[in-house]
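> Chains as they are written, first to last, in our numbering: chain S, 1 to 75; chain U, 76 to 773. Beta carbons are placed, not taken as given, at the ideal position from N, Cα and C, and that holds for glycine.
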Amino acid sequence: MKTTIANLELGQRALIKEVDTDAVPLKLLEMGCLPGNEVELLQMAPFKCPMYLVINGSHLAIRREIAARIEVKII
Amino acid sequence: MGKQIKVSLIGNPNTGKTSVFNLLTGLNQQVGNYPGITVDKKEGICKLSRGVKAHILDLPGTYSLNASSLDESVVIELLLNRNDKDFPDVAVVVSDVENLKRNLLLYTQIKDLEIPAILVINMADRMKRKGISLDIPLLEEQLNTKIALISARKGEGIDELKKLIESYTLLSKKPCLDALSFAPEYFERLQKVFPDQSIYKLWLVVTQDVNFRKVYKQELDVAPDFKIKSESELKRLQQKETIKRYQFINTVLKKGLAIDSNAATGTRERLDRILTHKFWGYFIFLAILLVIFQAIYDWSSYPMDLIDEAFAWTSETVKEMLPSGPFVDLITEGVIPGLGGVVIFIPQIAFLFLFISILEESGYMSRVVFLMDRVMRKFGLSGKSVVPLISGTACAIPAVMATRNIENWKERLITILVVPFTTCAARLPVYLIIIALVIPDKKVGWIFGYQSLTLMMLYFLGFITAVGSAWILNKVLKIKSTSYFVVEMPGYKIPLFKNVAINVIEKTKAFVFGAGKIILAISIILWVLASFGPNDKFEKAEEIVANNYSDLSQEERDNKIASYKLEYSFIGYAGKAIEPIVAPLGYDWKIGIGIISSFAAREVFVGTLATIYSVGSDEDETIKNRMAAEINPITRGPLFNLASGISLLLFYAFAMQCMSTLAIVKRETNSWKWPMIQLVFMSVFAYATALAAFQILK
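#1: Would a check of beta-carbon distances place I62 of chain S closer than 7 Å to chain U?
#2: Taking only beta-carbon atoms, is K73 of chain S less than 7 Å away from chain U?
#3: Between the alpha carbons of E344 of chain U and L42 of chain S, how many angstroms are there, rounded?
#4: Rounded to a whole number of angstroms, what is the C-alpha to C-alpha distance between E56 of chain S and E30 of chain S?
#5: Take F828 of chain U as the anchor and find which of U:F496, U:R701, U:S390 has the nearest alpha-carbon.
#6: Using the Cβ count rule (16 or more neighbours within 10 Å means buried), how would you classify S644 of chain U?
#7: Name, going along the chain, the residues of the region 28-51 of chain S whose beta-carbon falls closer than 7 Å to a beta-carbon of chain U.
#8: Report the partner residues of D347 of chain U according to the DSSP bridge assignment.
#9: Taking only runs of the alpha helix (DSSP H) that begin and end inside the region 108-159 of chain U, which ones reach a length of at least 4 residues, in chain order?
#10: What is the DSSP secondary structure of K289 of chain U, counted as helix, strand or coil?
#11: Mind checking which residues open and close the alpha helix (DSSP H) that includes R442 of chain U?
#12: Would you mind stating whether I66 of chain S and V24 of chain S have Cβ atoms separated by less than 7 Å?
#13: Near L328 of chain U, which residues of its chain fall below 7 Å by C-beta distance, leaving aside the five closest residues on each side in sequence?
#14: Please compile the residues from chain S whose C-beta is within a distance smaller than 7 Å of the C-beta of E344 of chain U.
#15: Cα separation between I85 of chain U and L213 of chain U?
#16: Any chance the region 430-447 of chain U sits against the region 377-396 of chain U, with 3 or more Cβ pairs inside 8 Å?
#17: So which residues on chain S does E216 of chain U lean against when the C-beta distance must stay under 8 Å?
#18: 7 Å is my cut-off, CB to CB: does K289 of chain U come that close to chain S?
#19: Mind pulling the alpha helix (DSSP H) runs of 4 or more residues that sit fully within the region 547-626 of chain U?
#20: Just curious, the alpha helix (DSSP H) that Y643 of chain U is in, first and last residue?
#21: Do the CB positions of V461 of chain U and M447 of chain U come within less than 7 Å of each other?
#22: Out of S:S58, S:M44, S:L60, S:H59, point me to the one whose CA is closest to N7 of chain S's CA.
#23: Less than 7 Å between the C-beta atoms of L123 of chain U and K237 of chain U, yes or no?
#24: Between the region 540-567 of chain U and chain S, which residues of the former have a C-beta closer than 9 Å to a C-beta of the latter?
#25: Cβ of D695 of chain U less than 7 Å from any chain S Cβ?
#26: Would you identify the three-state DSSP class for T736 of chain U, choosing helix, strand or coil?
#27: Using a 10 Å radius around the Cβ and a threshold of 16 neighbouring Cβ atoms, would you call P708 of chain U buried or exposed?
#28: Just mark A471 of chain U as buried or exposed, buried being the case when its beta carbon has 16 or more other beta carbons within 10 Å.
#29: What separation, rounded to the nearest whole angstrom, lies between the Cα atoms of L255 of chain U and A142 of chain U?
#30: List the residues of chain S whose Cβ lies closer than 8 Å to the Cβ of L533 of chain U, in chain order.
#31: Which residue from U:R711, U:T710, U:F715 puts its Cα closest to that of N700 of chain U?
#32: Could you check the C-alpha separation between S165 of chain U and S336 of chain U for me, to the nearest Å?
#33: Taking only the alpha-carbon atoms, compute the straight-line gap between L53 of chain U and L641 of chain U and give it to the nearest angstrom.
#34: Below 6 Å CB to CB, which residues in the same chain sit around S692 of chain U once its five sequence neighbours on both sides are set aside?
#35: Give me the residue from S:H59, S:R64, S:V39 with the minimum Cα distance to P46 of chain S.
#36: Using a Cβ-Cβ cutoff of 8 Å, what residues of the region 166-191 of chain U are near chain S? List them in chain order.
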């Protein structure tokens with residue numbers, strides 16, 4: 001199974017491998033959610049959604065189902 | 076009039092763009108609307124030097140030129156239309172030194188439009204704390220522009236910015252990179268269809284729903300060697316474009332920006348560990364809500380009492396000073412109380428906007444959205460619905476407008492539809508007088524009184540109904556829309572007093588003038604309908620009462636005449652006509668009139684009853700006593716008892732009685748369908764629950 005942002009644990013960092021552009025809004029891409037950039041999981045709300053991330057230096061929150069469409073490699 | 080340079084302020088949200096705008100224009104600004112839509116249009120004048128002024132337009136904050144909301148599409152539509160009267164001579168792109176990388180994305184897009192652009196790097200005061208240093212000359216060279224390094228918080232660097240604006244003709248119009256070089260063949264074909272148009276503009280037209288001069292999407296679609304690609308293909312191209320832009324930005328920043336990570340302090344991360352915590356986060360949010368409600372309902376009662384007294388005094392004074400006659404009556408019984416009914420809400424509305432703008436300015440609101448999203452989603456709402464639902468406790472109008480940043484249309488629509496259920500400030504006076512009439516003034520235990528508990532229950536009921544109907548709407552509405560939720564979590568900032576103050580003044584002004592016009596008009600119409608009658612029973616009221624009730628005291632006779640006149644006035648006949656409809660709810664024709672008149676605005680109810688029960692004095696006690704003495708024509712018992720009181724409270728809790736809200740919902744949803752559904756559903760629901768309550772309790 002592929003590892004995605006949804007699989008990250010608190011405090012874990014990863015490199016983005018591939019973004020499913022059909023599911024992920026353009027706005028998120030433009031905020032730096034692009035292959036090669038780093039992502040860190042800072043915090044999760046109860047039931048693990050939404051997820052509070054730092055992507056490419058931007059602090060932002062996204063829902064779990066979007067996070068599951070962004071493939072990563074844990075570092 | 077001297078020369079005026081047209082300036083557009085553009086930038087990502089949370090970059091301090093509004094602070095820069097406020098610094099440039101001071102109080103010399105105004106808020107209007109873009110034609111046809113309700114996006115706020117903020118503009119102002121800035122004096123640059125002798126004889127040279129700048130007209131500054133503060134465009135809505137946007138992350139890129141690819142619009143994903145109504146607010147954002149305003150930006151792109153303006154920048155694509157050279158014939159627009161607001162089309163800028165120069166664009167001032169505001170960025171935040173801590174998020175320069177992301178902010179520059181929008182900057183490179185603006186440069187591609189070949190508009191002269193100045194880059195403002197804001198929050199320079201935070202550079203030292205964050206260990207950031209910049210090579211400004213190098214950045215200026217690489218980005219083909221002039222840079223103003225400023226601190227809007229400390230007011231530093233504004234003069235340099237003004238100088239740059241004044242000499243805007245010296246700025247380069249050249250793009251800083253070729254962002255569309257990733258698919259040369261495709262873009263060559265696109266260019267061939269419209270050889271004299273800029274390729275980036277054509278690309279923007281292809282990828283989104285904006286029209287630009289005479290280039291329409293359809294024309295592109297029928298062009299012989301060019302086909303618009305499928306949405307998912309386009310999106311892949313957009314991703315490539317974005318990667319291209321970031322590659323350029325990264326190369327530039329590698330040379331021009333240095334971060335000493337040892338010097339950086341992570342205040343945001345440390346605060347967020349508590350403020351977005353699974354337990355403490357909710358605890359703190361609840362505590363903040365309690366303070367807000369305390370302020371709105373307790374602290375604001377002092378200025379409200381003062382306003383109430385001031386209007387009563389004005390009314391009395393005018394009555395004494397001017398000769399009596401229909402015109403003076405119109406002023407003292409129609410216009411002044413009508414105005415008072417609006418002005419009295421100013422303290423509550425101002426308090427609410429004060430708190431909301433402090434929470435927004437500080438960056439805390441994004442955390443609330445984060446905390447509440449999962450809970451709200453269960454009901455078909457979004458974390459972003461929380462702000463409208465809180466605002467709704469002051470007034471549904473700003474609340475409906477606050478739904479604009481919900482990207483998902485279904486979640487936004489549901490939020491708009493249920494917001495009017497939250498207990499707005501206009502319901503409060505109605506609740507207060509009915510509760511005082513029918514709920515005993517006793518205490519349960521030590522602290523809580525029955526009356527204040529009832530009031531709290533009504534607030535709770537409003538919120539539950541809003542969330543409950545959201546849940547139903549979520550099941551019923553078949554609208555496909557992709558889940559779409561990206562919230563930036565900005566760094567925490569101490570709110571700037573100037574920004575908060577301007578925001579509170581602007582929003583309060585908008586409410587007072589918006590609602591004020593309607594309430595004033597209704598008050599005048601009501602007064603006219605109550606002051607004239609269709610036949611001579613009205614004209615001869617004095618005579619008839621004097622003949623039939625000769626043993627009354629002067630005061631009692633005056634009251635009798637007034638209520639007799641009312642009964643035979645236009646409004647009296649109207650009330651009697653609807654009596655059969657409202658009688659099953661336990662109301663008489665007078666309450667019926669109150670309900671009719673409050674279909675324009677709820678707060679009119681108390682004023683109407685005051686007029687109807689012909690109370691000369693303005694003391695609250697007297698209105699209450701008169702109402703308490705009313706007899707139900709059918710049961711012969713007191714008109715206002717527990718059953719009819721609860722029924723009336725429920726009716727006001729649920730009924731859609733606000734024309735301004737309906738008007739704003741029409742504008743925001745762009746059709747009459749939704750406000751009409753709202754009106755019918757809420758009114759039927761209100762009637763049914765009120766009927767059930769009265770029939771069970773009587």
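In this structure, then:
#1: yes
#2: no
#3: 8 Å
#4: The question names Glu, yet the displayed sequence has Asn at residue 56 of chain S. Cα to Cα, N56 of chain S sits roughly 11 Å from E30 of chain S.
#5: Not covered by the structure: residue 828 of chain U. The range shown for chain U is 76 to 773.
#6: buried
#7: L28, L29, E30, M31, G32, L34, L42, Q43, A45, P46, F47, C49, P50
#8: BP columns for D347 of chain U are empty, so no partner.
#9: 145-155
#10: With a pLDDT of 49 at K289 of chain U, under the threshold of 50, the modelled position of this residue cannot be trusted, and the question is left open.
#11: 439-452
#12: yes
#13: L175, K176
#14: L42
#15: 23 Å
#16: no
#17: Chain S residues near E216 of chain U: none, gap ~24 Å exceeds 8 Å.
#18: Annotation note: pLDDT 49 at K289 of chain U (below 50); position unreliable, coordinate value reported separately. No, K289 of chain U does not count as interfacial toward chain S.
#19: 572-606, 611-614, 616-623
#20: Run containing Y643 of chain U: none; DSSP gives neither H nor E here.
#21: yes
#22: S:M44
#23: yes
#24: T557, S558, Y559, F560, V561, V562, E563, M564, P565, G566
#25: Bear in mind that a pLDDT of 45 at D695 of chain U, under 50, signals an unreliable position, so the number given afterwards is only what the model happens to contain. So no, D695 of chain U is outside the interface.
#26: helix
#27: exposed
#28: buried
#29: 19 Å
#30: Simply none; closest approach about 29 Å.
#31: U:F715
#32: Contrary to the premise, residue 165 of chain U reads as Val rather than Ser in this sequence. If I take the Cα positions, the gap works out to 35 Å.
#33: Summary: the structure shown does not reach residue 53 of chain U, with chain U confined to residues 76 through 773, and so no result is reported for it.
#34: Reliability of the predicted coordinates at S692 of chain U is poor, the pLDDT of 41 falling under 50, and no value is obtained from them.
#35: S:R64
#36: N174, K176, R177, L180
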